[in-house]
């Protein structure tokens with residue numbers, strides 16, 4: 001099958017055998033043969049590296065592997081971010097602020113991850129455009145193209161779900177709008193919106209759902225579809241330059257290794273260098289924590305959703321279904337099933353004016369819509385002022401030092417003394433008597449005696465008083481001594497014990 | 001079938017270029033390039049993993065042991081005391097992005113030289129909370145009857161050492177203390193947190 005590989009493996013020539021034997025005496029060659037005998041790594045590597053590229057290596061082919069590289073970067077940075085992130089409406093924002101403001105390299109990694117998502121969209125568009133212009137979807141590559149379209153949709157899903165996770169103002173309100181759009185879908189829209197939100201309103205369940213989608217479900221699908229996409233690509237073979245017959249390449253092929261691999265690596269280096277510089281000099285910001293009660297906030301999506309955002313503004317009332325569902329749906333279907341409609345083997349773009357014209361018309365329209373959205377925001381003084389003040393709020397939040405969140409348990413206990421004077425007196429008695437020596441401060445328990453939290457719901461006051469005056473046998477055996485107090489002090493102590501929850 | 005033919009023709013072209021039969025130079029070059037790429041990749045990979053490592057190691061790299069000073073009260077308040085006074089100080093502990101606020105009991109006393117001292121109420125024996133017994137002018141631990149003098153000196157009982165003295169200072173008329181925990185059951189003071 002793999003001719004150069006096979007011929008090298010089976011080369012019967014004496015010179016070659018001598019050479020191999022010579023290499024064997026040196027360490028690396030021997031280790032490699034040892035490994036190969038057990039794993040077959042040699043043929044695996046050859047299969048990967050000797051991929052034939054008709055017409056030779058080209059810079060135009062770097063986008064696919066660039067995407068793979070970016071996806072891996074997102075996976076790695078994402079896993080690391082999860083070390084500190086907490087997916088709950090209560091803590092998500094604090095934990096991201098902690099990552100951004102306190103954790104070493106935290107702002108840098110988060111920025112690489114956040115900007116990485118935008119970069120994926122850019123490289124994805126370049127990859128699709130290259131494939132489209134080169135007509136590389138032709139010649140029995142329908143499923144390869146379809147798998148790519150699924151990956152495109154999954155990536156947009158990643159961007160949408162990831163946007164909510166910081167739970168700051170812009171995340172919250174942009175996602176509110178984003179999920180509201182779903183309710184425009186007839187019949188199932190509302191149910192679908194509630195399913196995605198985990199309720200009628202945005203809340204902590206929404207965050208959990210988005211987190212699961214962003215971290216488990218969609219990435220799993222992406223891994224699967226990347227595998228399918230790469231497999232189908234290798235099965236169909238590289239399409240080569242535009243003059244090549246996509247179904248039966250005729251030009252002499254060059255192996256993927258080394259030139260194409262070098263191109264791919266250089267592209268990956270350029271990407272990570274750009275991301276690194278951007279993340280270092282213009283780190284991703286974080287706005288103040290989401291405040292659902294805020295009514296002034298003007299949500300704006302990420303730049304790649306701006307055209308859709310603008311488009312949806314034109315569709316209100318009963319016609320909305322048309323603009324929100326029918327037209328984008330038709331365009332998406334047309335796009336996904338393009339190789340089924342466009343069966344000609346002609347690949348040169350100037351010989352395919354309709355397809356290429358449509359492609360660029362759609363992208364030009366998206367560009368115009370995005371620009372219109374920006375222009376409207378800048379032109380309307382009220383909107384421009386509000387957006388400016390939102391940016392300033394985010395800036396001042398970024399400049400403020402990190403404020404740790406007060407742990408719930410310590411809050412509740414601190415409030416008891418303030419809320420109830422009898423309880424406060426009881427607390428003093430609790431400490432005076434040394435109850436905390438064994439039952440712990442605030443009844444949290446120690447190794448010496450159990451915790452008292454919730455004991456007030458287990459026994460009523462009379463029973464508690466009786467137990468304090470005359471502990472049960474089990475309690476006495478555990479070291480509990482009878483409490484001898486004046487009636488009012490005992491009442492105060494019981495009030496305090498009952499407040500422990 | 002067409003596809004297979006294309007593949008074969010591709011392979012042939014490649015074979016011709018690499019010249020497997022022509023000698024060992026291309027193969028050597030291939031190896032050399034591989035080693036070069038591997039080394040380059042390792043260097044770049046190592047470089048890229050620096051921020052990742054720093055991110056993971058943050059809890060070890062950042063100084064978390066610095067304990068903040070807590071206010072005990074106005075120093076005037078303690079000017080006339082003749083016996084140790086119990087005060088609750090609020091201490092803040094950081095736990096990642098959370099802070100845990102808790103109250104700890106300390107005793108303020110005046111030494112023979114007239115200077116303030118602050119004692120931790122935690123017994124050095126097994127960690128019980130030691131009350132001041134005014135009638136006896138002694139600290140007596142309720143758990144195992146460890147007895148301490150008003151300045152914390154060990155007078156009797158099973159405790160291995162005197163009550164633990166905490167760092168304290170007066171700043172702008174406020175008595176402040178640095179609350180710390182010490183290892184129990186050892187004859188010398190050892191900070192544990």
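Residue numbers (our numbering), protein chains in the order written: chain L, 1 to 501; chain G, 1 to 193. Glycine residues also receive a C-beta, built at the ideal position from the N, C-alpha and C atoms.
Which residues DSSP lists as bridging residue 105 of chain G, in chain order:
G/88
Would you call residue 167 of chain L buried or exposed, if buried means 16 or more other Cβ atoms sit within 10 Å of its Cβ?
buried
Report buried or exposed for residue 137 of chain G, applying the criterion of at least 16 other Cβ atoms within 10 angstroms of its Cβ.
exposed
So, under 8 Å CB-CB, residue 250 of chain L and residue 244 of chain L are touching, yes? Tell me the CB distance rounded to an integer number of Å.
7 Å
Hey, quick one: how far does the alpha helix (DSSP H) through residue 331 of chain L stretch, first residue to last?
327 to 336
Got a sec, what are the start and stop residues for the beta strand (DSSP E) residue 254 of chain L sits in?
253 to 255
Answer with buried or exposed for residue 350 of chain L, where buried requires no fewer than 16 other C-beta atoms within 10 angstroms of its C-beta.
exposed
Measuring only between beta-carbons, confirm whether residue 429 of chain L sits less than 8 Å from chain G.
no
Which residue's Cα is closest to the Cα of residue 147 of chain L: L/284, L/226, L/275?
Per the C-alpha coordinates, the member of L/284, L/226, L/275 positioned closest to residue 147 of chain L is L/226.
Might you give, ordered along the chain, the residues of its own chain that have their beta carbon closer than 6 Å to the beta carbon of residue 337 of chain L, omitting 5 neighbours on each side?
none
Do residue 196 of chain L and the ligand ADP come close, with the Cβ less than 7 Å from some heavy atom?
Questions concerning the ligand ADP fall outside what the structure shown contains, since it holds no ligand whatsoever.
Out of curiosity, what's the CA-to-CA distance linking residue 78 of chain G and residue 108 of chain G?
8 Å
Taking a cut of 9 Å between CB atoms, which residues from the stretch 155 to 176 of chain L lie near chain G?
none
Is residue 175 of chain G helix, strand or coil when you go by DSSP?
Residue state, collapsed to three classes: strand.
Contact check, residue 205 of chain L vs residue 161 of chain L, beta carbons under 8 Å:
no
Residue 340 of chain L versus residue 142 of chain L - alpha carbon distance
Distance from the CA atom of residue 340 of chain L to the CA atom of residue 142 of chain L, rounded to whole angstroms, is 7 Å.
Which residues, in chain order, does the stretch 243 to 261 of chain L contribute to contact with chain G at a C-beta distance below 7 Å?
247, 248, 249, 250, 252, 253, 254, 255, 258
Can you find the residues in the same chain that come closer than 7 Å, C-beta to C-beta, to residue 289 of chain L, ignoring five residues on each side of it along the sequence?
Answer for residue 289 of chain L: 93, 167, 168, listed in chain order.
Below 8 Å on the Cβ atoms is my guess for residue 130 of chain G versus residue 165 of chain G; work out the distance and round it to an integer in Å.
Not confirmed; about 13 Å, so no contact.
Checking 8 Å against the spacing of the C-beta atoms, do residue 144 of chain L and residue 232 of chain L come in under that value?
yes
Where do the N-terminal and C-terminal ends of the alpha helix (DSSP H) with residue 453 of chain L fall, by residue?
Element bounds for residue 453 of chain L: n/a, residue is neither H nor E.
Could you tell me the distance, in whole angstroms, from the CA atom of residue 102 of chain G to the CA atom of residue 180 of chain G?
13 Å
What are the boundary residues of the beta strand (DSSP E) that residue 145 of chain L is part of?
Per DSSP, residue 145 of chain L belongs to no beta strand (DSSP E); it is in the alpha helix (DSSP H), 142 to 164.
Residues of the stretch 98 to 111 of chain L with Cβ closer than 8 Å to any Cβ of chain G, in chain order
98, 102, 103, 104, 105, 106, 108, 109
Just the chain G side, please: which residues come within less than 9 Å of residue 42 of chain L by C-beta, in chain order?
Within 9 Å Cβ-Cβ: nothing; residue 42 of chain L doesn't reach chain G, min ~12 Å.
How many angstroms separate the CA atom of residue 282 of chain L from the CA atom of residue 91 of chain G?
37 Å
Spatial distance of residue 28 of chain G from residue 300 of chain L (CA atoms)
56 Å
Within 10 Å of its beta-carbon, does residue 423 of chain L have 16 or more other beta-carbons around it, so buried, or fewer, so exposed?
buried
Span of the alpha helix (DSSP H) holding residue 138 of chain G?
Run containing residue 138 of chain G: none in the alpha helix (DSSP H); it sits in the beta strand (DSSP E), 138 to 140.
Please classify residue 486 of chain L as buried or exposed, where buried requires at least 16 other C-beta atoms within 10 Å of its C-beta.
exposed
Cα separation between residue 46 of chain L and residue 259 of chain L?
15 Å
Could you please give the first and the last residue of the uninterrupted alpha helix (DSSP H) stretch that includes residue 353 of chain L?
Here the alpha helix (DSSP H) through residue 353 of chain L covers 353 to 379.
Any C-beta of chain G within less than 7 Å: which residues of the stretch 389 to 409 of chain L qualify?
Here the close residues are 404, 405, 406, 407.
Residue 124 of chain L and residue 77 of chain L closer than 8 Å at C-beta:
For residue 124 of chain L and residue 77 of chain L, no; Cβs fall outside 8 Å.
Could one say the Cβ of residue 168 of chain G lies closer than 8 Å to chain L's Cβ atoms, at least one of them?
no
If you measure between the beta carbons of residue 134 of chain L and residue 347 of chain L, is that distance less than 8 Å?
yes
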